[in-house]
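Per the UniProt record's numbering, the sequence shown starts with residue 1, numbered consecutively.
Backbone N, C-alpha and C define an ideal beta-carbon position, used for all residues, glycine too.
Worksheet: the structure to be examined is printed underneath.
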Amino acid sequence: MFRYLEKLASYHSELGVIKGTSFFIGRVLQSNRRINHPKVKFPIHLRPKTTDEKVFVQVFIKNEYDVPLGFVPETIIDGGANIGLASIFFTTKFPKAQIVAIEPDPENAAAVIGNTKHYPNIHVKQAAIWPRQTVAKISDKFGVGKWGIVVEEMDDSDGEEAGEPNTCTIDSIMKEFGWNQIDLLKLDIETAEKQLFSENYMTWLPKVKVIVIELHDWMVPGCSKPFFTAINEAFTRYRFAQTGENIMIHNLDLF
1 MFRYLEKLAS YHSELGVIKG TSFFIGRVLQ SNRRINHPKV KFPIHLRPKT
51 TDEKVFVQVF IKNEYDVPLG FVPETIIDGG ANIGLASIFF TTKFPKAQIV
101 AIEPDPENAA AVIGNTKHYP NIHVKQAAIW PRQTVAKISD KFGVGKWGIV
151 VEEMDDSDGE EAGEPNTCTI DSIMKEFGWN QIDLLKLDIE TAEKQLFSEN
201 YMTWLPKVKV IVIELHDWMV PGCSKPFFTA INEAFTRYRF AQTGENIMIH
251 NLDLF
């Protein structure tokens, strides 16, 4: 009982008594579809009986991306955007920032577009972040739902299943939008960090000011090793912190 009261209190704190109670009941019934957050300009749409409610709690109740940057970012990449909630959080806090939301799963990407269509500074790309352009397989490999979509590169054994390239690189994003620097790189890419930080990162990683990343060694052992190896190669000075489930790295070379 205490656990439920604690949850209800947290919902009241962030959403107000009426909206917080409504969200609590919706969670019990798995029926939440539309959330009107008092600090967010436009309604947020969730898909009932999916992991969307859990993502909403992470972003807007636990405020996991309300991290101390020490500056106002102008360029943000939301890598692994899911349904766009982190992008909405960032644009609410930093309304002048240009944000690129990148999501590989078609259904999730459609939800990102729906949730961010009123924000002209949020640009949505349906693609998987990868160290090079290639064809990737997208699946709920670990059976954790829409917030755990995994990307794996296809090989010759996949035969005719392979289609057109469906990945993008950090370099290509910077070039497309004319960015010389990424002020905030948020990554929650469900084990793909292992590949992303294993090759071709020195052209873009030194240009990242702050990284906020969730690592997934619990899914695939060793995911974090390439990340920390790359950080130590690309940054001569940096500051490390843990905030909730995320690791935050300040690249002090750019401060």
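Can the beta-carbon of residue i be found less than 8 angstroms from the beta-carbon of residue j?
{"i": "Ile-99", "j": "His-123", "result": "yes"}
{"i": "Glu-103", "j": "Ala-81", "result": "yes"}
{"i": "Leu-46", "j": "Phe-56", "result": "yes"}
{"i": "Phe-42", "j": "His-118", "result": "yes"}
{"i": "Thr-191", "j": "Val-144", "result": "no"}
{"i": "Glu-246", "j": "Glu-53", "result": "Sequence inspection shows Asn at residue 246; the Glu mentioned does not correspond to that position. Contact: no."}
{"i": "Thr-167", "j": "Thr-134", "result": "yes"}
If I'm right that residue i touches residue j with Cβ under 8 angstroms, what's the distance once you round it to whole angstroms?
{"i": "Ala-97", "j": "Ile-76", "result": "5 angstroms"}
{"i": "Leu-254", "j": "Val-212", "result": "Contact flag wrong, Cβ pair sits at about 15 angstroms."}
{"i": "Ala-136", "j": "Met-154", "result": "6 angstroms"}
Nearest-angstrom Cα distance between residue i and residue j?
{"i": "Asn-180", "j": "Phe-227", "result": "22 angstroms"}
{"i": "Glu-233", "j": "Pro-48", "result": "43 angstroms"}
{"i": "Gln-30", "j": "Val-151", "result": "28 angstroms"}
{"i": "Ile-113", "j": "Gly-84", "result": "8 angstroms"}
{"i": "Tyr-209", "j": "Tyr-201", "result": "Per the sequence shown, residue 209 should be read as Lys rather than Tyr. The straight-line gap from Cα to Cα measures roughly 14 angstroms."}
{"i": "Ser-224", "j": "Asp-188", "result": "12 angstroms"}
{"i": "Leu-15", "j": "Thr-116", "result": "20 angstroms"}
{"i": "Ile-173", "j": "Lys-7", "result": "39 angstroms"}
{"i": "residue 330", "j": "Thr-229", "result": "The question about residue 330 has no answer here: the residues shown for the chain are numbered 1 through 255."}
{"i": "Ala-101", "j": "Ala-110", "result": "12 angstroms"}
{"i": "Trp-147", "j": "Ile-182", "result": "24 angstroms"}
{"i": "Asn-36", "j": "Val-17", "result": "13 angstroms"}
{"i": "Phe-235", "j": "Gly-244", "result": "23 angstroms"}
{"i": "Pro-38", "j": "Glu-199", "result": "43 angstroms"}
{"i": "Gln-195", "j": "Glu-107", "result": "24 angstroms"}
{"i": "Asn-251", "j": "Phe-142", "result": "33 angstroms"}
{"i": "Trp-130", "j": "Leu-5", "result": "42 angstroms"}
Determine the DSSP secondary structure at residue i, reduced to helix, strand or coil.
{"i": "Arg-33", "result": "coil"}
{"i": "Arg-27", "result": "helix"}
{"i": "Tyr-4", "result": "helix"}
{"i": "Phe-42", "result": "coil"}
{"i": "Tyr-11", "result": "helix"}
{"i": "Thr-21", "result": "helix"}
{"i": "Phe-255", "result": "coil"}
{"i": "Phe-240", "result": "strand"}
My parser needs the beta strand (DSSP E) runs of 3 or more residues fully inside the UniProt domain "Methyltransferase FkbM" (78-235); what are they? Fully enclosed beta strand (DSSP E) runs of 3 or longer: 98-103, 122-126, 136-139, 150-153, 182-187, 208-213.
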